[in-house]
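>
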Amino acid sequence: MPPPMKSPRIPSSTPLLLLLCLLLNSGHAADDKPVIFHVRNRCPFPVWPATAPNAGHSVIADGGFFLPSGMTKRMEAPPGWNGRLWGRTGCNFTSTSKPACQTGDCLGLLRCNGTIGLPPATLVEVSLRDGGSKPSFYDVSLVDGYNLPVSVSSLPANPRCFIAGCRRSPNGECPQELQVVAAADEVQGGQSAVVACKSA
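Residues -29 to -1, 1 to 171 (mature numbering (1 follows the signal peptide of the UniProt record, and there is no 0)) are what the sequence shown spells out, left to right.
1. Measuring CA to CA, which of Trp19, Asp3, Gly51 and Leu99 is closest to Asn118?
2. Excluding the five sequence neighbours on either side, which residues of its own chain have a C-beta within less than 6 Å of the C-beta of Leu78, listed in chain order?
3. Assuming contact is defined by CB atoms lying nearer than 8 Å, are Trp57 and Leu94 in contact in what I supplied?
4. Could you give the uninterrupted runs of the beta strand (DSSP E) lying entirely in the stretch 9 to 84, keeping only those of 3 residues or more?
5. Compute the Euclidean distance between the alpha carbons of residue 172 and Ser107, then round it to the nearest angstrom.
6. Using the rule of at least 16 other Cβ atoms within 10 Å of the residue's Cβ for burial, across every protein chain shown, is Cys(-9) buried or exposed?
7. Below 7 Å CB to CB, which residues in the same chain sit around Ser98 once its five sequence neighbours on both sides are set aside?
8. Compute the beta-carbon to beta-carbon distance between Pro49 and Pro91, rounded to the nearest angstrom, for a pair I have assumed lies under 8 Å.
9. Please state whether the Cβ-Cβ distance between Ala164 and Gly116 is less than 8 Å.
10. Look at the alpha carbon of Leu149 and the alpha carbon of His28, and state the distance between them as a whole number of angstroms.
11. Looking at the unbroken beta strand (DSSP E) that takes in Ser112, where does it start and where does it end?
12. Run the CB neighbour count on Asp110, radius 10 Å, all protein chains shown included, and call it buried at 16 or more, exposed below.
13. Roughly how many angstroms separate the alpha carbons of Lys169 and Cys145, rounded to a whole number?
14. Helix, strand or coil, according to DSSP, for Leu99 in the structure here?
15. Can you tell me whether Ala23 is buried or exposed, with buried defined as 16 or more other CB within 10 angstroms of its CB?
16. For Asp3, I'd like the list of residues in its chain whose CB is within less than 7 Å of its CB, leaving aside the five on either flank, ordered along the chain.
17. Specify the secondary structure class of Leu94 as computed by DSSP and reduced to three states.
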């Protein structure tokens, strides 16, 4: 178990390179083979990605894991899998206090085991093909609010599959009543105390 860490705040003026925090690359596969995802943390701090299946689908990647800055994790999903992925920030699973994560927490657990995370959290929604002519699709959604910039693309690159994402932080324009604000001791010099923006 990694040591508890505080996540640095992401100011809205962060360079684009740092705003591409999670990159999910979906590999093409035959209809009866698993689909491979690569989740890459491009943030300058650790994140704890999580997964939750839609009803009737299996949990993938144990429901959640630790991902240090600059690292990539390979995940497999069965054909026809449907669900969501999101990143959690500021987690401490050694404490008995809940929530264990500053954003995106799922009952204080590292492995969400099918539990959907608490808003606000930037979501990646995935619906994989299960044979026939039905296409797979993915999107990045702020329906549950915003906590991390996320980008999704397919591998190999496909001109019909655009990069989906939310690369610019809305935290600087987030209305005060929707702001999630870090504790004073968690704000680093010159950075915004707003760490997430709830959905209206």
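All C-beta atoms in this analysis are idealised placements derived from N, C-alpha and C, irrespective of residue type, glycine included.
Small disclaimer: the values here were computed from a predicted structure and weren't measured.
According to the structure data:
1. Trp19
2. Thr86
3. yes
4. You should have 19 to 24, 43 to 48 and 53 to 59.
5. Outside the modelled stretch of the chain, which goes from -29 to 171, sits residue 172, for which no answer is possible.
6. Its pLDDT being 39, under 50, Cys(-9) is placed unreliably in this model, and the value from its coordinates should be taken loosely. Buried is the call here.
7. Asn53, Ser107 and Phe108
8. Rounded, the Cβ-Cβ distance is 29 Å, inconsistent with contact.
9. no
10. 32 Å
11. Phe108 to Ser112
12. exposed
13. 8 Å
14. coil
15. buried
16. Pro50
17. strand
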